[in-house]
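S.K.:
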Amino acid sequence: MTIRFRLNSKNDDYTANVTIREAILAGWTGRDRAALEKHIEEMAAVGVRRPPSVPVFYRCSASRLTTADEIQVVGEDSSGEVEFVLIQSEGTLWVGAGSDQTDRKVEAYGITVSKQMCDKPMAPELWSYEEVAPHWDELVLRAWVVRDGARELYQQGAVTAMMSPPALIREYTGSDKLPDGSAMFSGTLPAIGGLRPAQRFEFELEDPILRRSLRHAYAIRTLPIAG
0 MTIRFRLNSK NDDYTANVTI REAILAGWTG RDRAALEKHI EEMAAVGVRR
50 PPSVPVFYRC SASRLTTADE IQVVGEDSSG EVEFVLIQSE GTLWVGAGSD
100 QTDRKVEAYG ITVSKQMCDK PMAPELWSYE EVAPHWDELV LRAWVVRDGA
150 RELYQQGAVT AMMSPPALIR EYTGSDKLPD GSAMFSGTLP AIGGLRPAQR
200 FEFELEDPIL RRSLRHAYAI RTLPIAG
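Residue numbers (numbering that gives the first Met the number 0): 0 to 226.
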(Lines of atoms letter the chains of each structure in order from A and count residues from 1; the text may use other names and numbers.)
(Lines give C-alpha, C1' and ligand atoms only; values in the text may rest on other atoms or scores of the structure.)
Protein backbone atom coordinates (compact mmCIF):
# COMPACT_ATOMS: atom_id res chain seq x y z
CA MET A 1 0.00 0.00 0.00
CA THR A 2 1.46 3.36 -1.05
CA ILE A 3 0.15 6.67 0.31
CA ARG A 4 1.35 10.11 -0.68
CA PHE A 5 2.18 12.22 2.39
CA ARG A 6 3.65 15.63 3.02
CA LEU A 7 6.72 14.91 5.20
CA ASN A 8 7.71 17.64 7.61
CA SER A 9 11.01 17.56 9.50
CA LYS A 10 13.39 20.05 11.06
CA ASN A 11 15.54 20.12 7.95
CA ASP A 12 13.06 19.61 5.14
CA ASP A 13 9.43 19.73 4.00
CA TYR A 14 8.51 17.68 0.95
CA THR A 15 5.93 15.31 -0.54
CA ALA A 16 6.68 11.64 -1.14
CA ASN A 17 5.07 8.24 -1.58
CA VAL A 18 5.28 6.15 1.60
CA THR A 19 4.94 2.38 1.34
CA ILE A 20 3.06 0.69 4.20
CA ARG A 21 3.08 -3.09 4.33
CA GLU A 22 1.87 -3.69 7.88
CA ALA A 23 -0.95 -1.93 9.80
CA ILE A 24 -1.00 -2.41 13.58
CA LEU A 25 -3.83 -1.18 15.80
CA ALA A 26 -2.69 -0.95 19.41
CA GLY A 27 -5.41 -1.25 22.02
CA TRP A 28 -5.70 -0.88 25.78
CA THR A 29 -2.64 1.36 25.83
CA GLY A 30 -3.57 3.63 28.74
CA ARG A 31 -0.73 4.61 31.09
CA ASP A 32 -3.11 4.65 34.10
CA ARG A 33 -3.58 0.93 34.74
CA ALA A 34 -6.34 1.39 37.34
CA ALA A 35 -8.40 3.47 34.90
CA LEU A 36 -7.60 0.98 32.14
CA GLU A 37 -8.91 -1.93 34.21
CA LYS A 38 -12.10 0.00 34.93
CA HIS A 39 -12.60 0.61 31.21
CA ILE A 40 -12.03 -3.08 30.44
CA GLU A 41 -14.77 -3.95 32.94
CA GLU A 42 -17.11 -1.35 31.41
CA MET A 43 -16.57 -2.75 27.92
CA ALA A 44 -17.06 -6.31 29.18
CA ALA A 45 -20.44 -5.22 30.58
CA VAL A 46 -21.62 -4.34 27.05
CA GLY A 47 -20.30 -7.53 25.50
CA VAL A 48 -16.72 -6.69 24.45
CA ARG A 49 -14.43 -9.45 25.65
CA ARG A 50 -11.47 -8.80 27.94
CA PRO A 51 -8.27 -8.44 25.87
CA PRO A 52 -5.82 -11.36 25.95
CA SER A 53 -3.03 -8.97 26.97
CA VAL A 54 -2.54 -5.32 27.93
CA PRO A 55 -1.66 -3.71 25.63
CA VAL A 56 -2.89 -5.79 22.71
CA PHE A 57 -1.96 -5.35 19.05
CA TYR A 58 -4.66 -6.02 16.47
CA ARG A 59 -3.92 -6.24 12.76
CA CYS A 60 -5.77 -5.13 9.67
CA SER A 61 -4.95 -4.92 5.99
CA ALA A 62 -2.61 -2.06 5.11
CA SER A 63 -4.96 -1.31 2.21
CA ARG A 64 -7.48 -0.03 4.78
CA LEU A 65 -5.32 3.08 5.38
CA THR A 66 -6.41 6.11 3.39
CA THR A 67 -6.21 9.90 3.22
CA ALA A 68 -9.58 10.13 1.45
CA ASP A 69 -12.19 12.63 2.61
CA GLU A 70 -15.03 10.08 2.44
CA ILE A 71 -15.31 6.43 3.41
CA GLN A 72 -18.10 3.89 2.96
CA VAL A 73 -19.28 1.65 5.80
CA VAL A 74 -21.88 -1.11 5.97
CA GLY A 75 -24.72 -0.31 8.35
CA GLU A 76 -24.95 2.37 11.00
CA ASP A 77 -22.95 0.85 13.85
CA SER A 78 -19.45 2.20 13.20
CA SER A 79 -17.70 5.17 14.77
CA GLY A 80 -14.30 6.82 14.61
CA GLU A 81 -11.65 7.51 17.25
CA VAL A 82 -8.66 9.82 17.03
CA GLU A 83 -5.19 8.32 17.53
CA PHE A 84 -1.59 9.24 16.88
CA VAL A 85 0.07 7.02 14.29
CA LEU A 86 3.71 5.92 14.11
CA ILE A 87 5.10 5.14 10.66
CA GLN A 88 8.54 3.68 10.06
CA SER A 89 9.73 4.46 6.55
CA GLU A 90 13.21 4.18 5.07
CA GLY A 91 14.95 4.45 8.40
CA THR A 92 12.91 7.36 9.79
CA LEU A 93 10.11 7.27 12.36
CA TRP A 94 7.25 9.61 11.48
CA VAL A 95 4.21 10.72 13.49
CA GLY A 96 0.77 11.08 11.96
CA ALA A 97 -2.85 11.38 13.05
CA GLY A 98 -5.56 8.90 12.17
CA SER A 99 -8.99 7.57 13.00
CA ASP A 100 -9.60 3.92 13.80
CA GLN A 101 -13.14 3.69 12.39
CA THR A 102 -14.61 0.49 13.86
CA ASP A 103 -17.89 -1.41 13.57
CA ARG A 104 -19.12 -1.47 17.19
CA LYS A 105 -21.73 -4.17 16.68
CA VAL A 106 -19.19 -6.57 15.24
CA GLU A 107 -16.67 -5.52 17.92
CA ALA A 108 -18.85 -7.22 20.54
CA TYR A 109 -18.08 -10.65 19.08
CA GLY A 110 -14.82 -10.15 17.17
CA ILE A 111 -12.55 -7.14 17.67
CA THR A 112 -10.07 -8.08 14.94
CA VAL A 113 -12.91 -8.61 12.45
CA SER A 114 -14.46 -5.27 13.42
CA LYS A 115 -11.17 -3.49 12.76
CA GLN A 116 -10.92 -4.98 9.28
CA MET A 117 -14.42 -3.87 8.30
CA CYS A 118 -13.71 -0.11 8.08
CA ASP A 119 -11.15 2.12 6.39
CA LYS A 120 -8.68 3.99 8.63
CA PRO A 121 -8.49 7.65 7.51
CA MET A 122 -5.26 9.54 8.13
CA ALA A 123 -4.17 13.16 7.92
CA PRO A 124 -2.08 13.67 4.74
CA GLU A 125 0.93 15.10 6.59
CA LEU A 126 3.55 13.47 8.84
CA TRP A 127 6.02 14.94 11.32
CA SER A 128 9.48 13.60 12.08
CA TYR A 129 9.28 11.92 15.51
CA GLU A 130 12.78 13.15 16.31
CA GLU A 131 11.50 16.72 16.11
CA VAL A 132 8.59 16.25 18.53
CA ALA A 133 10.18 13.73 20.90
CA PRO A 134 11.67 16.38 23.29
CA HIS A 135 8.19 17.80 24.00
CA TRP A 136 6.08 14.72 23.22
CA ASP A 137 3.96 14.93 26.38
CA GLU A 138 2.70 18.39 25.35
CA LEU A 139 0.90 17.07 22.26
CA VAL A 140 -2.92 17.00 22.31
CA LEU A 141 -5.46 14.86 20.45
CA ARG A 142 -8.96 16.12 19.59
CA ALA A 143 -11.93 14.90 17.58
CA TRP A 144 -15.35 16.21 16.64
CA VAL A 145 -18.40 14.53 15.18
CA VAL A 146 -21.04 16.11 12.97
CA ARG A 147 -24.51 14.65 13.53
CA ASP A 148 -27.60 16.06 11.83
CA GLY A 149 -25.69 19.25 11.06
CA ALA A 150 -24.45 19.84 14.64
CA ARG A 151 -20.71 19.73 15.38
CA GLU A 152 -19.85 18.26 18.80
CA LEU A 153 -16.53 17.81 20.60
CA TYR A 154 -16.08 14.04 20.79
CA GLN A 155 -12.61 13.43 22.26
CA GLN A 156 -9.91 15.60 23.80
CA GLY A 157 -6.79 14.90 25.82
CA ALA A 158 -3.03 14.78 25.95
CA VAL A 159 -1.08 11.97 24.32
CA THR A 160 0.10 11.11 27.84
CA ALA A 161 -3.15 9.17 28.24
CA MET A 162 -1.54 6.51 26.03
CA MET A 163 1.83 4.77 26.28
CA SER A 164 4.72 6.70 24.77
CA PRO A 165 5.97 5.79 21.26
CA PRO A 166 9.14 4.07 22.57
CA ALA A 167 7.08 2.02 25.04
CA LEU A 168 4.56 0.98 22.38
CA ILE A 169 7.32 -0.03 19.98
CA ARG A 170 9.11 -2.07 22.66
CA GLU A 171 5.89 -3.84 23.64
CA TYR A 172 5.21 -4.81 20.03
CA THR A 173 8.68 -5.61 18.71
CA GLY A 174 10.81 -6.29 21.78
CA SER A 175 13.25 -3.74 20.35
CA ASP A 176 13.49 0.03 19.91
CA LYS A 177 12.43 0.13 16.26
CA LEU A 178 9.37 -0.70 14.19
CA PRO A 179 9.93 -2.78 11.06
CA ASP A 180 10.28 -0.60 7.97
CA GLY A 181 6.93 -0.17 6.25
CA SER A 182 4.92 -0.39 9.49
CA ALA A 183 2.11 1.92 10.60
CA MET A 184 0.99 1.65 14.23
CA PHE A 185 -2.15 3.31 15.61
CA SER A 186 -1.77 4.24 19.26
CA GLY A 187 -5.03 3.48 21.00
CA THR A 188 -7.36 6.27 21.97
CA LEU A 189 -9.11 8.51 24.49
CA PRO A 190 -12.58 8.07 26.03
CA ALA A 191 -15.41 9.48 23.94
CA ILE A 192 -17.19 12.44 25.52
CA GLY A 193 -20.77 11.29 25.95
CA GLY A 194 -20.00 7.74 24.77
CA LEU A 195 -19.37 6.06 21.43
CA ARG A 196 -21.81 7.04 18.69
CA PRO A 197 -22.00 7.10 14.89
CA ALA A 198 -21.85 10.32 12.89
CA GLN A 199 -22.11 11.60 9.33
CA ARG A 200 -18.71 13.31 9.55
CA PHE A 201 -15.62 12.85 11.73
CA GLU A 202 -12.92 15.52 12.23
CA PHE A 203 -9.67 15.07 14.13
CA GLU A 204 -6.34 16.67 14.92
CA LEU A 205 -3.01 16.16 16.67
CA GLU A 206 -1.87 19.53 18.01
CA ASP A 207 1.71 20.52 18.80
CA PRO A 208 1.34 23.65 20.97
CA ILE A 209 5.11 24.06 21.28
CA LEU A 210 5.78 24.38 17.54
CA ARG A 211 2.29 25.85 16.97
CA ARG A 212 1.01 23.47 14.34
CA SER A 213 -1.50 20.65 13.93
CA LEU A 214 -2.06 17.56 11.83
CA ARG A 215 -5.72 17.70 10.75
CA HIS A 216 -8.12 15.67 8.67
CA ALA A 217 -11.87 15.20 8.23
CA TYR A 218 -13.94 12.64 6.41
CA ALA A 219 -17.57 11.94 5.61
CA ILE A 220 -19.06 8.55 6.45
CA ARG A 221 -21.33 7.16 3.74
CA THR A 222 -23.55 4.38 5.05
CA LEU A 223 -24.35 1.43 2.78
CA PRO A 224 -27.53 -0.60 3.35
CA ILE A 225 -27.52 -4.11 4.77
CA ALA A 226 -29.55 -6.18 2.32
CA GLY A 227 -29.23 -9.49 4.11
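Ideal Cβ placement from N, Cα and C applies to all residues, glycine included. Only a predicted model underlies this, so the values are computations on that prediction, with no experimental measurement involved.
Flag this pair as touching only if the region 76 to 88 and the region 142 to 158 have three or more C-beta atom pairs under 8 angstroms; answer yes or no.
M.R.: Flag = yes, the region 76 to 88 and the region 142 to 158 touch.
S.K.: Would you kindly work out how many angstroms separate the C-alpha atoms of residue 62 and residue 116, rounded to a whole number?
M.R.: The residue labelled residue 62 in the question sits at position 63 within the sequence shown. The residue labelled residue 116 in the question sits at position 117 within the sequence shown. Approximately 12 angstroms between the Cα atoms of the pair.
S.K.: Kindly identify the DSSP beta-bridge partner or partners of residue 215.
M.R.: Here residue 215 refers to the residue found at position 216 when the sequence shown is read from its first residue. Answer is 202, bridged to residue 215.
S.K.: What residue range is occupied by the uninterrupted alpha helix (DSSP H) comprising residue 113?
M.R.: By one-based count along the sequence shown, residue 113 stands at place 114. 110 to 115 is the extent of the alpha helix (DSSP H) around residue 113.
S.K.: Are the CB atoms of residue 57 and residue 104 within a distance shorter than 8 angstroms?
M.R.: The count along the sequence shown starts at 1 and reaches residue 104 at position 105. The count along the sequence shown starts at 1 and reaches residue 57 at position 58. Contact: no.
S.K.: Would residue 70 and residue 224 be called neighbours here (beta carbons separated by less than 8 angstroms)?
M.R.: Locating residue 70 in the sequence shown gives position 71, where the first residue counts as 1. Locating residue 224 in the sequence shown gives position 225, where the first residue counts as 1. Not a contact, by the Cβ cut-off of 8 angstroms.
S.K.: Residue 183 to residue 30, Cα distance in whole Å?
M.R.: Within the sequence shown, the letter at position 184 stands for residue 183. Within the sequence shown, the letter at position 31 stands for residue 30. Distance between the alpha carbons of residue 183 and residue 30 is about 17 angstroms.
S.K.: Quick check: residue 21 and residue 180, are their CB atoms within less than 8 angstroms of each other?
M.R.: As a position in the sequence shown, residue 21 is number 22, starting the count at 1. As a position in the sequence shown, residue 180 is number 181, starting the count at 1. The answer is yes: Cβ separation under 8 angstroms.
S.K.: Among residues of its own chain, excluding the 5 on either side of residue 169, which ones have a beta-carbon nearer than 8 angstroms to its beta-carbon?
M.R.: Residue 169 sits at position 170 when you count from the first residue of the sequence shown. 175, listed in sequence order.
S.K.: Taking DSSP's pairing of strands, which residues face residue 191 in a bridge?
M.R.: In the sequence shown, the residue the question calls residue 191 occupies position 192. According to DSSP, residue 191 bridges with nothing at all.
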